[in-house]
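Engineer: Okay, here's the structure, questions in a sec.
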Amino acid sequence: MHTHQALQNAINVSVYEAGDKAEKFQPYLFIHMRYFCGANNNQTGKARRELTIKIVARFGVTSPTIIAWLYGISQRQALEHLNKLMKEKLVNMVITHRSLDNRVYVLDYAGAKYAEELLSVAVYFRSGDNPSLRVNLNTVMHDLMMQYIQLRGVHNKSKDGEDNVFWHSVVTEPEFKRLFKSYDVRNVDGIVLEVSGSVTAIEMEHSFKSKAARQTILLKWLHGLNHGYYDKVMLFSQSQQIFSDIKRLHEQLFNEMSTRIDKKTRQPLLTESDVELLQSRMIYRTVFCSELEKIFYQ
1 MHTHQALQNA
11 INVSVYEAGD
21 KAEKFQPYLF
31 IHMRYFCGAN
41 NNQTGKARRE
51 LTIKIVARFG
61 VTSPTIIAWL
71 YGISQRQALE
81 HLNKLMKEKL
91 VNMVITHRSL
101 DNRVYVLDYA
111 GAKYAEELLS
121 VAVYFRSGDN
131 PSLRVNLNTV
141 MHDLMMQYIQ
151 LRGVHNKSKD
161 GEDNVFWHSV
171 VTEPEFKRLF
181 KSYDVRNVDG
191 IVLEVSGSVT
201 AIEMEHSFKS
211 KAARQTILLK
221 WLHGLNHGYY
231 DKVMLFSQSQ
241 QIFSDIKRLH
251 EQLFNEMSTR
261 IDKKTRQPLL
271 TESDVELLQS
281 RMIYRTVFCS
291 ELEKIFYQ
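Take the sequence shown: its position 192, counting from 1, is numbered 192 in the numbering used here, and each next residue is one higher.
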């Protein structure tokens, strides 16, 4: 089993391979989010406590379903774990029908201070009496699915149970927003540092979008790729139908935008090289469709 030091060394190597792109995302890429089961109940409890606080601090929210999956425990045990953190005033519970558990957990003030110790970065805490104001309830399902995918890649194993991670570390959407203002680069759902050193933007496509929305998204990715924010874009969804719709709209837009002239630049919205770049750097990860559907929609 990997030790914490071995994992940190692996992250360091990937950051070195990533070069200049990794520098944009410091210090977040050096924070490991791997769960290591302890040698005894005390160590295991400590590891779970620390990682849960890191998750809520970095993603802004978590749920019992994700905690149960991550630690390999039952839903009841996950609830007990989260409720214990609540009694310690480290997290608050927010009731919402938009979560598959009908609840999510957000940081409390003491949890934010504790997270700062664990992460060695500033943790932004929105004070106030109502914990529901600390989470965007409109995007809860999307955000939890993205959280699952980012943590899933960190904990991936091969069929024979050996570690086979997709990426070593992540940058969450709230962190991306803090690093880059909207006028620098448009927001993505997350960033992952792959084992190869590739810095990859990841997007969760959990609903159908209009052609106009997809055009805006393509131009956003093009800007991010051209300006060195990431090497490629990886798309995830719970639905093969959504993927099919995205591919259909992309093909239409590649043809249309190549002939449509931008009034400001008097150039096509997409050049041939733009289209080639986007086509070569977009990856549709359909392998997780059934997994996401089973966990979040069944």
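Note that beta-carbon positions come from the ideal geometry of N, C-alpha and C, so glycine has one too.
Which residues bound the alpha helix (DSSP H) around Asn102?
Structural biologist: Along the sequence shown, read from residue 1 onward, the residue named residue 102 stands at position 102. Careful: Asn102 lies outside any alpha helix (DSSP H) and carries neither H nor E.
Engineer: Is the distance from the Cβ of Val192 to the Cβ of Gly224 below 9 Å?
Structural biologist: In the sequence shown, the residue the question calls residue 192 occupies position 192. In the sequence shown, the residue the question calls residue 224 occupies position 224. Not in contact: Val192 and Gly224 (Cβ atoms no closer than 9 Å).
Engineer: With a floor of 4 residues, list each alpha helix (DSSP H) that falls wholly inside the segment 128-193, ordered by position along the chain.
Structural biologist: Correct list: 140-154 and 173-179.
Engineer: On the three-pair Cβ rule with 8 Å, is the segment 129-136 touching the segment 152-159?
Structural biologist: Because the criterion of three Cβ pairs below 8 Å is not met, the segment 129-136 and the segment 152-159 do not touch.
Engineer: Compare the C-alpha of Met33 against each of Cys289, Leu219, Ile67 and Lys21 and name the closest.
Structural biologist: Here residue 33 corresponds to residue number 33 of the sequence shown, with the count starting at 1. Here the closest residue by C-alpha is Ile67.
Engineer: Thinking C-beta only, is Ser258 closer than 9 Å to Pro268?
Structural biologist: Along the sequence shown, read from residue 1 onward, the residue named residue 268 stands at position 268. Along the sequence shown, read from residue 1 onward, the residue named residue 258 stands at position 258. Contact flag set, yes.
Engineer: With distances taken from CA atoms, which of Ser14, Asn255, Gly111 and Thr96 is nearest Glu85?
Structural biologist: Here residue 85 refers to the residue found at position 85 when the sequence shown is read from its first residue. Just to set this straight, residue 85 is Leu in the shown sequence, not Glu. Of the candidates Ser14, Asn255, Gly111 and Thr96, the one whose C-alpha sits nearest the C-alpha of Leu85 is Gly111.
Engineer: Within the continuous alpha helix (DSSP H) that includes Tyr302, where are the two ends?
Structural biologist: Given a span of 1 to 298 for the chain in the structure shown, any question on residue 302 remains unanswerable.
Engineer: DSSP three-state call for Lys264: helix, strand or coil?
Structural biologist: Counted from its first residue, the sequence shown places residue 264 at position 264. In this structure, Lys264 counts as coil in the three-state DSSP scheme.
Engineer: For Met1, which three-state DSSP category applies?
Structural biologist: For this step, residue 1 is matched to residue 1 along the sequence shown. Residue confidence for Met1 is low, a pLDDT of 45 falling below 50, so the modelled location carries little weight; the figure read from the coordinates is stated next. If DSSP states are grouped into helix, strand and coil, Met1 belongs with coil.
Engineer: What does a CB cutoff of less than 6 Å around Val15 pick up in its chain, not counting 5 residues either side in sequence?
Structural biologist: Numbered from its first residue, the sequence shown carries residue 15 at position 15. These residues qualify, in order along the chain: Ala22 and Leu29.
Engineer: Do the CB positions of Trp144 and Ser63 come within less than 9 Å of each other?
Structural biologist: Translated into the one-based positions of the sequence shown, residue 144 becomes position 144. Translated into the one-based positions of the sequence shown, residue 63 becomes position 63. Note on residue identity: the sequence assigns Leu, not Trp, to residue 144. For Leu144 and Ser63, yes; Cβs fall inside 9 Å.
Engineer: Taking Cβ positions only, does Thr259 come closer than 9 Å to chain C?
Structural biologist: Considering every chain present, this structure includes no chain C. It has just one protein chain.
Engineer: Which complete alpha helix (DSSP H) runs does the segment 254-298 hold, if anything under 4 residues is left out?
Structural biologist: You should have 272-281 and 289-297.
Engineer: List the DSSP bridge partners of Asn40.
Structural biologist: Residue 40 sits at position 40 when you count from the first residue of the sequence shown. Beta-bridge pairing links Asn40 to no other residue.
Engineer: Helix, strand or coil for Val195 per DSSP?
Structural biologist: As a first step, residue 195 is located in the sequence shown; it is residue number 195 there, counting from the start. Three-state result, Val195: coil.
Engineer: What are the boundary residues of the beta strand (DSSP E) that Lys232 is part of?
Structural biologist: For the purposes of this step, residue 232 is identified with residue 232 of the sequence shown, where counting begins at 1. Element bounds for Lys232: Lys232 to Phe236.
Engineer: Does the pairing of the segment 215-235 with the segment 167-174 give three or more beta-carbon distances under 8 Å?
Structural biologist: No: the two stretches stay apart, fewer than three of their Cβ pairs being nearer than 8 Å.
Engineer: Of the residues Cys37, Ala78, Val91 and Glu80, which one's Cα is nearest the Cα of Ala57?
Structural biologist: For the purposes of this step, residue 57 is taken as the residue at position 57 of the sequence shown. Minimum Cα distance to Ala57 is reached at Val91.
Engineer: Do you know offhand how far Arg186's Cα is from Gly38's?
Structural biologist: Counting from 1 along the sequence shown, the entry for residue 186 is found at position 186. Counting from 1 along the sequence shown, the entry for residue 38 is found at position 38. Distance between the alpha carbons of Arg186 and Gly38: 40 Å.
Engineer: Suppose contacts are defined by Cβ-Cβ distances below 9 Å. Is Val121 in contact with Ile55 by that definition?
Structural biologist: The sequence position of residue 121 within the sequence shown is 121, counting from 1. The sequence position of residue 55 within the sequence shown is 55, counting from 1. No.
Engineer: What residue does the alpha helix (DSSP H) around Ile73 start on, and which one ends it?
Structural biologist: As a position in the sequence shown, residue 73 is number 73, starting the count at 1. No alpha helix (DSSP H) holds Ile73; DSSP gives it neither H nor E.
Engineer: In the DSSP assignment, the beta strand (DSSP E) including Val94 goes from what residue to what residue?
Structural biologist: The residue given as residue 94 occupies position 94 in the sequence shown. From DSSP, the beta strand (DSSP E) with Val94 extends over Val91 to Ile95.
Engineer: Taking Cβ to Cβ, would you say Ile202 is nearer than 9 Å to Lys209?
Structural biologist: Counting from one through the sequence shown, the residue named residue 202 turns up at place 202. Counting from one through the sequence shown, the residue named residue 209 turns up at place 209. No, Cβ-Cβ distance for Ile202 and Lys209 is not below 9 Å.
Engineer: Grouping DSSP H, G and I as helix and E and B as strand, with all else coil, what is Lys88?
Structural biologist: In the sequence shown, the residue the question calls residue 88 occupies position 88. The sequence shown places Glu at residue 88, not Lys. Of the three classes helix, strand and coil, the one that applies to Glu88 here is coil, per DSSP.
Engineer: Can you round the beta-carbon distance between Phe70 and Tyr105 to whole angstroms, since I take them to be within the 8 Å contact cut?
Structural biologist: Within the sequence shown, the letter at position 70 stands for residue 70. Within the sequence shown, the letter at position 105 stands for residue 105. Looking at the sequence provided, one finds Leu at residue 70 rather than Phe. 13 Å between Cβ atoms; not a contact.
Engineer: Would you call Lys24 buried or exposed, if buried means 16 or more other Cβ atoms sit within 10 Å of its Cβ?
Structural biologist: Translated into positions along the sequence shown, residue 24 becomes position 24. Counting Cβ neighbours within 10 Å, Lys24 comes out buried, since at least 16 surround it.
Engineer: Determine the DSSP secondary structure at Glu116, reduced to helix, strand or coil.
Structural biologist: Locating residue 116 in the sequence shown gives position 116, counting from the first residue. Looking at Glu116 - three-state DSSP - the assignment turns out to be helix.
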